[in-house]
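The structure under discussion appears below in the form of structure tokens.
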Amino acid sequence: MQGRKVVFLLTGLLVAIAMLSLLSRGLESRAQVTPVETREVTRRDLVATITASGIVKSAVRGEIRSELDGRVARVNVREGETVFPGQVILELDRAELALEYDRVNADLAAAEADLAHLGSMRADSGQDLEILQAQARLALARTRFEDVSRGPAEVDAVRAESALDQAEMALREAERDAALMKELYEAGAVPRDTMDEAVARFETCRLQYEVAKKEREAIANAPRRADVDAALAQLREAEAGLALAEAQARSREAAERAAEERVAHIKAHLKLLEKQLSATRLKAPVGGILASLIISPGDLASAGALVGEVIDPGRLLVEAAVDEVDAGHIRVGQRVKVSSDACPGQEFDGVVTYVAPCAIPERGVSRFNVRVALDKTHAGPTGGALRPGMSADVEIITARRSGVLAVPAQAVAMRGGRKVVLIAAGGKVKEVPVACGLETLTDIEVAGNLQAGDEVIVGPYEVLETLSDGDAVSVKRDNPRHFIEFKVE
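The sequence shown finishes on residue 488 if you use numbering that gives the first Met the number 0, and the numbering steps up by one all the way, no holes.
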């Protein structure tokens, strides 16, 4: 009996051990089954974008600044009103400037009168004629002195007689011309200069005749010391006369130049006053809306101070700052979608018009300014409009791909230095190497041994890290995400 009991005990112990072993294997097997998520490989259109935040500004804006120090006399436009380019926004007190302008204008009239008087004096005095006559007298005196000093030669009598005849003929001809030119001048047929020239020629011929006459008489008489002294005195007198005529001419020219300079100086002053008077009227530099006006009648305006601003609310832009890692993908001409919390449900189109060439450090991060010009500012007849100063979000479209195979970004993993996706095929895991193309925030374009409809594993992350090619799988399709149970054998 005891032997049978021992056998039964041993048999029961072996059965218990076997059952425990089978139970342990079952529990171990059930512990390795992990649910995961999958997605289908699909063909779709991909759009790569970069997002940033910015501020809405007017693309057309003009500052109103005072060019003068002055007190505001009148304000013609109120904030928010529409203005056109060149419209007078406000006016400064111009009473003192107007008085100064009238005084300087009177000074100009007096200076121009002085200049005209000097010009008429020069014309009446025959300044050029006086110098010509003085030069002629000097030439005659010098010739006379030289002739008297050396005395007459035997052949000089014939020369003197011939010279006298020629001088007499020239004198008569010059006298006729002078009389004729005087008659023509009085009749208004010739200008005064022509008559003056004829009279000058007559005077010159008359002097030459007198010299020739005296020379012939001198030849007839032997030179005397008194004649030499007299000729020298005449020479000195002629030299002094020419010097005086030239000095008087220079003096008149200097006075005329001084008068011309004074007129020019007064005109410049008058032009400055005209500019200042014009500057008392502060005008709109561009057309649009008077967005701000920070000055009122009676206030003092300082030269260079900003007193207002005009903007065009129909031409807006957004200035945004993008991270340095994104700046290299942004180009002028890229299309942009703009939205704002101030205009919920509305989206505005725009285009990149400017990318800053240099970064701006901001809290230890380098950012690049980007400017986006909006195509329009209204989403519809009942929608709200963007306004300068509002915050806005920009979505810059950097690339587009149409009808490409794409998978969720988390489906792509690195295995052995290459990119792969894990697909569930025939109840097993299959590694498929892929080449990646355009990447968006959520999806990646892929190329490889894939086709639309393949199931790629997208998570959980810890499962993707442990799965290997050939692992057995059990797929559960109990929700749209296609949870799959993998059984590792």
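Each residue gets a CB set at the ideal place from its N, CA and C atoms; glycine is no exception.
Note that the coordinates shown come from a computational prediction; the quantities given were computed from them, not determined experimentally.
Starting from V324, trace the alpha helix (DSSP H) both ways and give me its first and last residue.
From DSSP, the alpha helix (DSSP H) with V324 extends over 323–326.
Output the residue ranges of the beta strand (DSSP E) runs that lie fully inside the region 68–156 and measure 3 residues or longer, sorted by chain position.
69–74, 87–91
Would you mind stating whether A423 and T41 have Cβ atoms separated by less than 8 angstroms?
no
What distance in whole Å lies between the Cβ atoms of A319 and V369, which are believed to be in contact at a cut-off of 8 angstroms?
Between A319 and V369 the Cβ distance is about 5 angstroms, and since that is below 8 angstroms, they are a contact.
CB-CB under 6 angstroms to A110, same chain, minus the five flanking residues each way: which ones, in chain order?
R261, V262, I265
Nearest by alpha-carbon distance to G447: which of T465, M180, L463, K418 is it?
K418
Hey, could you find the ends of the beta strand (DSSP E) T352 is sitting in?
Residues 347–354.
Beta-carbon within less than 6 angstroms of L128's beta-carbon, same chain only, minus the 5 sequence neighbours each way: which residues are those?
The beta carbon of L128 sits closer than 6 angstroms to those of D195, A199, all from its chain and outside the five residues before and after it, given in chain order.
Can you name the start and end residues of the beta strand (DSSP E) that V337 belongs to?
334–338
On the criterion of 16 or more Cβ atoms from any shown chain inside 10 Å, does Q165 qualify as buried, or is it exposed?
When all chains shown are included, Q165 counts as exposed.
As a quick exercise: from S161, G388, V189, I294, pick the residue whose alpha carbon is nearest that of R70.
I294
List the whole-angstrom C-beta distance separating L404 from E444, where the pair is believed to meet the contact cut-off of C-beta under 8 angstroms.
7 angstroms
Taking 8 angstroms as the cut-off, decide whether the C-beta atoms of G307 and I63 are in contact.
Result yes, Cβ atoms of G307 and I63 sit closer than 8 angstroms.
Using only the alpha-carbon positions, how far apart do A229 and A239 sit?
Computed Cα separation, rounded: 15 angstroms.
If you pair each beta-carbon of the region 323–332 with each one of the region 342–358, do three or more pairs fall below 8 angstroms?
yes
Within a Cβ cutoff of 7 angstroms, which residues of the same chain sit near Y208, ignoring the five residues on either side of it in sequence?
Around Y208: A166, E167, L170.
Exposed or buried, S57, counting other C-beta atoms within 10 Å across all chains shown (16 or more means buried)?
buried
How many angstroms separate the CA atom of P479 from the CA atom of E39?
Because the pLDDT of P479 is 46, which lies under 50, any placement of that residue in the model is unreliable, and the number read from its coordinates should be weighed accordingly. Pairing P479 with E39, the inter-Cα distance amounts to about 11 angstroms.
Specify, as a first and last residue, the run of the alpha helix (DSSP H) that E394 falls within.
Not the alpha helix (DSSP H): E394 falls in the beta strand (DSSP E), residues 390–407.
Report the rounded CA-to-CA distance for A162 versus E236, giving the unit in angstroms.
25 angstroms
Identify the continuous beta strand (DSSP E) that holds V433 and give its terminal residues.
427–438
Whole angstroms is fine: what's the gap from G379's alpha carbon to G344's?
Because G379 carries a pLDDT of 40, less than 50, the predicted location of this residue cannot be relied on, and the following value inherits that uncertainty. Spanning the two alpha carbons is a distance of roughly 11 angstroms.
Measuring straight from C-alpha to C-alpha, what distance separates A302 and P387?
Computed Cα separation, rounded: 27 angstroms.
Classify R77 as buried or exposed, calling it buried when 16 or more other Cβ atoms lie within 10 Å of its own Cβ.
It is exposed - the Cβ of R77 has fewer than 16 other Cβ atoms within 10 Å.
Taking 8 angstroms as the threshold (C-beta atoms), are D106 and E214 in contact?
no
I'd like to confirm the pairing. Which residues does DSSP put opposite L449 in its beta bridges?
DSSP lists no partner for L449.
Quick check: what's the CA-CA separation for G469 versus G402?
31 angstroms
Can you name the start and end residues of the alpha helix (DSSP H) that E464 belongs to?
460–465
Less than 8 angstroms between the CB atoms is what I'm expecting for L373 and A412, so what's the real figure, rounded?
In fact, because the Cβ distance is near 42 angstroms, the residues do not count as touching under 8 angstroms.
Can you tell me which of V59, E99, D68 puts its alpha carbon nearest to the alpha carbon of P84?
V59
The beta strand (DSSP E) with A489 in it runs from where to where?
Any question about residue 489 goes unanswered here, given that the chain covers just 0 to 488.
Is V309 helix, strand or coil by DSSP?
strand
With a cut-off of 8 angstroms on the beta carbons, I'd call A135 and L206 a contact; round off their distance for me.
6 angstroms
Could you spell out the range, first to last residue, of the beta strand (DSSP E) harbouring S365?
364–373
Per DSSP, what kind of secondary structure is A471 in: helix, strand or coil?
strand
Just how far apart, CA to CA, sit Q86 and V309?
If I take the Cα positions, the gap works out to 11 angstroms.
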